[in-house]
Amino acid sequence: MARRLVVKRSSKKGKPPGSLVHIGAPSDAPAHLRLIRYDQHALHDQPLNAIQALPDLKQDQVTWLNIDGVHQGAVIEALGERFKLHPLALEDVLNTDQRAKVDEYQGYLYLVMRMLRFDPVSQQIQSEQLSLVLGDNYVLSLQERPGDVFDSVRERLQAGRRIRFLQADYLAYALLDAVVDHYFAVLEHLGEAIENLEDELISNPTPQTLGRIHHFKREMLLLRKSVWPLREVLLRLSRDDSKLIKPETQIFMRDVYDHSIHVMDTIDTLRELLVGMLDLYLSSVSHKMNQVMKVLTIIATLFMPLTFLAGVYGMNFEHMPELAWPWAYPAVLLLMLAIAGGLLWAFRRRGWL
Amino acid sequence: MARRLVVKRSSKKGKPPGSLVHIGAPSDAPAHLRLIRYDQHALHDQPLNAIQALPDLKQDQVTWLNIDGVHQGAVIEALGERFKLHPLALEDVLNTDQRAKVDEYQGYLYLVMRMLRFDPVSQQIQSEQLSLVLGDNYVLSLQERPGDVFDSVRERLQAGRRIRFLQADYLAYALLDAVVDHYFAVLEHLGEAIENLEDELISNPTPQTLGRIHHFKREMLLLRKSVWPLREVLLRLSRDDSKLIKPETQIFMRDVYDHSIHVMDTIDTLRELLVGMLDLYLSSVSHKMNQVMKVLTIIATLFMPLTFLAGVYGMNFEHMPELAWPWAYPAVLLLMLAIAGGLLWAFRRRGWL
Amino acid sequence: MARRLVVKRSSKKGKPPGSLVHIGAPSDAPAHLRLIRYDQHALHDQPLNAIQALPDLKQDQVTWLNIDGVHQGAVIEALGERFKLHPLALEDVLNTDQRAKVDEYQGYLYLVMRMLRFDPVSQQIQSEQLSLVLGDNYVLSLQERPGDVFDSVRERLQAGRRIRFLQADYLAYALLDAVVDHYFAVLEHLGEAIENLEDELISNPTPQTLGRIHHFKREMLLLRKSVWPLREVLLRLSRDDSKLIKPETQIFMRDVYDHSIHVMDTIDTLRELLVGMLDLYLSSVSHKMNQVMKVLTIIATLFMPLTFLAGVYGMNFEHMPELAWPWAYPAVLLLMLAIAGGLLWAFRRRGWL
Amino acid sequence: MARRLVVKRSSKKGKPPGSLVHIGAPSDAPAHLRLIRYDQHALHDQPLNAIQALPDLKQDQVTWLNIDGVHQGAVIEALGERFKLHPLALEDVLNTDQRAKVDEYQGYLYLVMRMLRFDPVSQQIQSEQLSLVLGDNYVLSLQERPGDVFDSVRERLQAGRRIRFLQADYLAYALLDAVVDHYFAVLEHLGEAIENLEDELISNPTPQTLGRIHHFKREMLLLRKSVWPLREVLLRLSRDDSKLIKPETQIFMRDVYDHSIHVMDTIDTLRELLVGMLDLYLSSVSHKMNQVMKVLTIIATLFMPLTFLAGVYGMNFEHMPELAWPWAYPAVLLLMLAIAGGLLWAFRRRGWL
Amino acid sequence: MARRLVVKRSSKKGKPPGSLVHIGAPSDAPAHLRLIRYDQHALHDQPLNAIQALPDLKQDQVTWLNIDGVHQGAVIEALGERFKLHPLALEDVLNTDQRAKVDEYQGYLYLVMRMLRFDPVSQQIQSEQLSLVLGDNYVLSLQERPGDVFDSVRERLQAGRRIRFLQADYLAYALLDAVVDHYFAVLEHLGEAIENLEDELISNPTPQTLGRIHHFKREMLLLRKSVWPLREVLLRLSRDDSKLIKPETQIFMRDVYDHSIHVMDTIDTLRELLVGMLDLYLSSVSHKMNQVMKVLTIIATLFMPLTFLAGVYGMNFEHMPELAWPWAYPAVLLLMLAIAGGLLWAFRRRGWL
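Chains as they are written, first to last, in our numbering: chain A, 115 to 467; chain B, 115 to 467; chain C, 115 to 467; chain D, 115 to 467; chain E, 115 to 467.
Encoded structure:
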């Protein structure tokens, strides 16, 4: 288990608050910038070399700037200057071990959350931090790595659907919705794997089963740690008065909020299921041990008296009249058979066989 | 265990919010529509072929349109157009893995909840999603499959009782009440099965008992997952100011709310009972193992010294004076008897026999 | 365990809300009515044959009508007509599986709660539903069976004490106080039985002990299920503005509320004690098993080497020089003694003896 | 365990509310009254024979009347008349099984709480009920038995410190502070005993250890039951507007409140520690059992094959060529040695030795 | 385990509230005072011999006085007089077993919290109490021992960064931030140690593993006890209206608050992980015992029948025809081989080998 539940941020300790030091897995990959500008009539989609190449924002257009690779501090700093972002917000972008939250600054909202994917090979959740900045007519999305869950949003933008007629707050909603929809996808995979494990547990528990129950409990811990604070964020977005989110978009935010609660409910249900599975496993181990003990006891109880009897007639006393009787040997063999039969009958009556 | 705690909604992932894609068990069955219109004087009950065949609503009449088979997206779309429903509400109707909730839209309330039935053969809860749309003078009820819990409501409507003198909000209440009453029915079956299992556990626990405790814990998880959010829905219906629910109906809503709390209390009590039963089972397994160990120990302790004694006199030394004594053999047999008797007496004093 | 945690209400399912169907243990016993009217000068106490025989209420008199036997639907219906009670309240009276609650209707309060008694023979809590209707100058009390906890209230009324100078709301308080006082009585019995069981557990645990721990956990579940919702009822009565309860009576209601919290605290303490007792029991079982294992191991470890030695000299090889030595036999016996002594010394050093 | 978690109050059941019946351990000892009156200039400290001997209160003096022995109902009744106390408050004074609470009456506050002491001999918490009545310029303190935690307060009064310049509410604060300070003292003793037990558990667990863990869990239950409600009382005293407690005293009340939270935190920490110790104990028992099993298995595995081999050459067949071989006996002995050695080597490789 | 979860404060018991008695580890070391005064133009950093040597505060300068060694009551008393601190605040400074809290006094805020460090040698958290007094233009920081977590703050002050342009409230924030940042550092170490332990648990559990799980659970208890109340303190600082903390600093306080929640989340996650590890360990112990039992059972089941057979043919009956058969001996040996083979085959089929 190479992943860490606690991300190292020692490099940060002792730096002034707001200092732009990247915390997270180090990387040398360059940052990728992609600019999408649209209104109901047209859409421009272009890669960008640097923040400096960003054209002026137009008021009647929605601008969506996506940046992959927040480890490139210089890019983030340039972005901060261009959009006049608060140092604390920039620090949060770079510190990729954030708890989901929303902070309202002068003129823009800063949101941070985790974007999850399920890796079917390692059966682990892959986690990445996503920061969103929602301004009056622009959305900035900042990710750790290339590859995201927003392809469907881009397709809808290209296709010129309803989203093109609406403002930046609706775009932010669409991105949030895509993130939460992927939580469901992760849950689906986990749920399926857990229920498969449950079937396996009932039919054929192995020592590995326990390790896998532990593994899934760990994944659920991670998932819960990501979703729980996002729930509060979405509640605030759907309730608070903020000029940046229009009332008609709040209805949609409430819908994502409902989804996030549904995710939490399912996580809790799966967690309780895992606890129940652990009980089941432990008890099946107890049961097996019981079976082994029974076999041992039956064998010992069966042969000890017989061996004793054989031992008695193996004694070398000179005066043992039975030894001379012609039918003594078969009689003793019969007696042994009778004892064995009687014991087996007693075992069967006790329900041990 | 074929049922899934997490329903697949992957087909949905990446679709725009509000897109009408059915999520749930696929089916080709046609949708069934049934229209009931009534006032205190008359009641018309008729099947409908299509939404398009729906007559205009009259203001002084209550219209109840029931649709079985929400997987028929076209029907739902037509319904949405006819009643001007919000795309999010329509999406929720089709997505049959919803958490119970109530959303207030312009001119109507949208409610979604789970309708439960207990299948005595599989000892499992059968679950189906029910959506209700409560307008000024109409109620739409949307189900996944034919067959529901509303026969009693229909009978009361036919019989011309009080319900005929009241408005659409009272009809909605009557439907909610029928749903919650069925939760009690499910609980009754589960409670009876669990208490039977408890009796069995005390009189004759078997390895299967544990699997059944696990099974019932799982069913309680499912039940709780359905009832818990409905409780909040009913609280809001009985408290919030909404033009669509009159104050005199709110008294009735409060009553259903009380029932839902009672259901929750009983679920929690049964869950705690199941936990207690698990403890009891595990400890009865321990106790049995103890008994087996005792038998083994008694047998081993009894025969090991005797066999050793027999072994001693089976040795072939030339100079063993006892071997020649005439009374040695019966004396050794007596000694063995004395040892066995002494050990048995010691066991009895220790309470092992 | 004949009692059910979930009461059958199937007969009710499908009936319109407010329909007067009795839910609970069926009975043919007639209903008993007892009317007490009093003011500070006089008190009239008389049995009543029927609701119809009830005289008109006088404004300056407190009327207390007690009915034993709510299964007699006709009586309840007549009562409902006479006092103009809401159908939902009447339904709750008949449905004897109610959660404690208070409902405020026009002109009266409807309270429902459970009245508990401890049966020392079966060591079980006997439970009965009590409904109270508190009007301006009357109190109706409705019970399932004859026999209640109100004798002390009747005595105080007869004796002409302070209660005679006060209004109907104080009478209601006195009845509530008597109910909660009986919860304490039940707790006293349970607490004593549990602490006796704890002593027994420490001095001499038996397999029956576990069943009894389970039994008491079950009783605590039932008790908690009764008291928990009553607590909320009493809080509302001591806080809410209601014309029916005067401020000077609210002080008394607050006192009963404090008592109910005290009951809850004690229940929780006893529940935690029972959990601790279960741990203690399971661990004492483990300990016993350990002892048994030790005995087995000591015996086996002692005799196996000796028996092996005897076996060696029981072999029939022609060339075993030791067999011919004159002192071989006593030497081997001494060797055996030495081995046994050495092992015993080793066991003692390991603390096994 | 002679102490009861539930105090008998059956003698009370059926009495009218407010009836002055003592509930608690019966006693014949007379009540002791001690009157302290002070202002910044002088202090009078005198025993009192009866309530009737109490001089009139002076407005500019603080009067502190302490009564040991609330079982003397007559004294309490006289006190009630003299200070015009509400019957419910008097009832609470006599009922020495109260949950901590504060009740505001016309012109005075009534507080009740538990005063705890740790008896190092029985390792048990000794508990006594303390009632405080805080009036405008007087404090009444009512205890069950002589001996209390207030000596330090009396000393400070004698010494003429700040407390002499302040009012009755500050005196009440000083008494509360002394009570909570003693909770810390109890916790210190318990904490020390528990941590000693933890050391013992790690170095040398015995069956008695478990009983002592259970004992301390029980004491923590009792302690928690006393402190938890007091916390609420102190919160109310430090927050609520009451003419009887001045704002400058509320700062001090907040300080006692903080102390009570600290006590609760420590109780919870110790409880969790005890749970961890139980796990540790149970697992050390498992581990010991494992060791015993290993010894048994090693012995059995070692000697069973050897004994079998000896048995084979003890058979009496006429045609066993090995028996006649001159080197057969030492060869068999060597073979036995080799088998034993091989097995021991296998055990060591498995890590059993 | 020499550290105590409960610090002795008996020396305090019975003292008047506000009395300046040091509670904590006794020490004779002298107190160290260090005075830093700065504005945006200049910074003066100097040690101080005594409080009396403190120059007058200038309004346009921020004064930070740090004191190491609060056990020197005289120093604290002098400080109290100089800054007119409330006796309760001084008492809290000296009592080094405080729960984190913030108290607002006239003209200054008093904060107390724990400063944590992880000692990698003993694998234990080292804890020290830190008191902060935030006045209009000064900050007092009071520690138990020399050595703290504020070096980075001092460096930033020296370097003349933003912090030099801001007020005393920002300095207080910077100190709080440094404290919480060190919590992350402690968590990192603990998290790494726990995850290493998890790997060890899966690959090679030893009896010591359990003791270490217990050790880390204990450390998490201590950590949680420190962080939990600090969280509330930070929430109040970021929300409450206080003239001493400016709105622009509150944004920063909110950021520290978010960090503290993140710390709590991680603590809870690690605690749950530890619980899961305990289950895993216990079950691996069970599994090992199962293995041992299996070996024992296999050996016993294999050799008991064979030994019995050898015993039979070791009997000395005169009439045992088999003994004379020439091929009897090899036939019996073959039979024994067949029995052993058959048993081994049966074991393999049961999955025991």
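The C-beta atom is built at its ideal place from N, Cα and C for all residues, glycine as well.
Query raised in the report: Is there at least one Cβ from chain B nearer than 9 Å to Trp-466 of chain A's Cβ?
Result: yes
Report task. State the DSSP-derived secondary structure class of Val-247 of chain E, mapped to helix, strand or coil. Result -> strand
Query raised in the report: Identify the residues that DSSP records as bridge partners of Asp-313 of chain E: which are they?
Result: Note: Asp-313 of chain E sits in no beta bridge, so no partner.
Query raised in the report: Within 9 Å (strictly less), CB to CB, does Ser-400 of chain A reach chain E?
Result: yes
**Report entry** Interface residues of the stretch 400 to 414 of chain D facing chain C [CB-CB below 8 Å]
**Finding:** Ser-400, Lys-402, Met-403, Val-406, Met-407, Val-409, Leu-410, Ile-413 and Ala-414
Report task. Leaving aside the five residues before and after Ile-453 of chain C along the sequence, list all residues of the same chain whose C-beta is less than 8 Å from its C-beta, in chain order. Result -> Pro-419, Leu-420 and Leu-423
Query - 9 Å Cβ cutoff, Gly-200 of chain C in contact with chain B - result: With the sequence shown as reference, residue 200 of chain C is identified as His, and Gly is not the correct amino acid for it. Taking Cβ atoms only, chain B reaches closer than 9 Å to His-200 of chain C, which makes this a yes.
Query raised in the report: Apart from the five residues on each side of it in sequence, which residues of its chain come closer than 7 Å, Cβ to Cβ, to Asp-182 of chain D?
Result: Ala-145, His-146, Gln-257, Arg-259 and Pro-260
Query raised in the report: Roughly how many angstroms separate the alpha carbons of Gly-465 of chain C and Lys-402 of chain C, rounded to a whole number?
Result: 16 Å
Requested in this report: Kindly list, in the order they appear in chain C, the residues whose Cβ is closer than 7 Å to that of Pro-321 of chain D.
Outcome: His-401
**Report entry** Contact check, Leu-324 of chain B vs Ile-239 of chain B, beta carbons under 9 Å
**Finding:** no
Query - Exposure of Phe-417 of chain C, with buried meaning 16 or more beta-carbon neighbours within 10 Å - result: buried
Requested in this report: Give the interface partners of Val-184 of chain C over in chain D, defined as CB-CB distance under 7 Å, in chain order.
Outcome: Residues of chain D passing the Cβ test: none, with the nearest at roughly 24 Å.
Query - Straight-line Cα distance separating Leu-168 of chain C from Leu-272 of chain B - result: Before going further, note that residue 272 of chain B is Gln rather than Leu in the sequence given. Whole-angstrom Cα-Cα distance: 38 Å.
**Report entry** Within chain A, partners of Asn-430 of chain E - CB distance below 8 Å
**Finding:** Tyr-427, Gly-428, Met-429, Asn-430, Met-434 and Leu-437
Query - Three-state secondary structure (DSSP) of Pro-361 of chain C - result: helix
Requested in this report: Can you tell me which of the three DSSP states His-296 of chain D falls into?
Outcome: helix
**Report entry** the stretch 349 to 368 of chain E touching the stretch 177 to 193 of chain A, judged by at least three CB pairs closer than 8 Å
**Finding:** no
Query - Runs of alpha helix (DSSP H) lying entirely within the stretch 307 to 355 of chain A, each at least 4 residues, in chain order - result: 321 to 353
Query - the stretch 239 to 255 of chain E touching the stretch 197 to 209 of chain E, judged by at least three CB pairs closer than 8 Å - result: yes
Query raised in the report: Given that Leu-230 of chain D touches chain E, what residues does it touch there, using C-beta distances under 7 Å?
Result: Here the premise fails: no neighbours, minimum Cβ distance about 13 Å.
Query raised in the report: CB-CB under 8 Å to Ile-277 of chain B, same chain, minus the five flanking residues each way: which ones, in chain order?
Result: Val-267, Arg-270, Leu-271, Tyr-284, Leu-285 and Ala-288
Requested in this report: Within 10 angstroms of the Cβ of Val-135 of chain D, are there 16 or more other Cβ atoms? Answer buried if so, exposed if not.
Outcome: exposed
Query raised in the report: Rounded C-beta distance between Asn-251 of chain C and Thr-177 of chain C? I'm assuming under 8 Å.
Result: 7 Å
Query raised in the report: Would a C-beta distance cut-off of 9 Å place Phe-330 of chain E and Leu-280 of chain E closer than the cut-off?
Result: no
Report task. Could you check what DSSP says for Phe-232 of chain B in three-state terms: helix, strand or coil? Result -> strand
Report task. With 9 Å as the threshold, decide whether the Cβ of Phe-279 of chain D is near any Cβ in chain E. Result -> no
Query raised in the report: Helix, strand or coil: how does DSSP classify Trp-507 of chain D here?
Result: The displayed coordinates of chain D run from 115 to 467. Any statement about residue 507 of chain D would go beyond what the structure contains.
Query raised in the report: Got a sec: is the Cβ-Cβ distance from His-376 of chain B to anything in chain C below 9 Å?
Result: yes
Query raised in the report: Alpha carbon to alpha carbon, what distance is there between Asp-382 of chain C and Asn-310 of chain B?
Result: 27 Å
Report task. Over the uninterrupted beta strand (DSSP E) stretch that includes Ile-150 of chain E, give me the two end residues. Result -> 146 to 152
Query raised in the report: By how many angstroms is the C-alpha of Ser-317 of chain A removed from the C-alpha of Tyr-395 of chain A?
Result: 11 Å
Query raised in the report: Between the C-alpha atoms of Asn-163 of chain C and Leu-254 of chain C, what's the straight-line distance to the nearest angstrom?
Result: 16 Å
Query raised in the report: Using the rule of at least 16 other Cβ atoms within 10 Å of the residue's Cβ for burial, across every protein chain shown, is Gln-212 of chain E buried or exposed?
Result: buried
Query raised in the report: Just to confirm, are Thr-411 of chain D and Val-406 of chain E a CB contact at a threshold of 9 Å?
Result: yes
Query raised in the report: Got a sec? Which residues, its chain only, sit under 6 Å from Gln-217 of chain C by beta carbon, not counting five neighbours each side?
Result: Note that residue 217 of chain C is Asp in the sequence shown, not Gln. Result list for Asp-217 of chain C: Tyr-224, in chain order.
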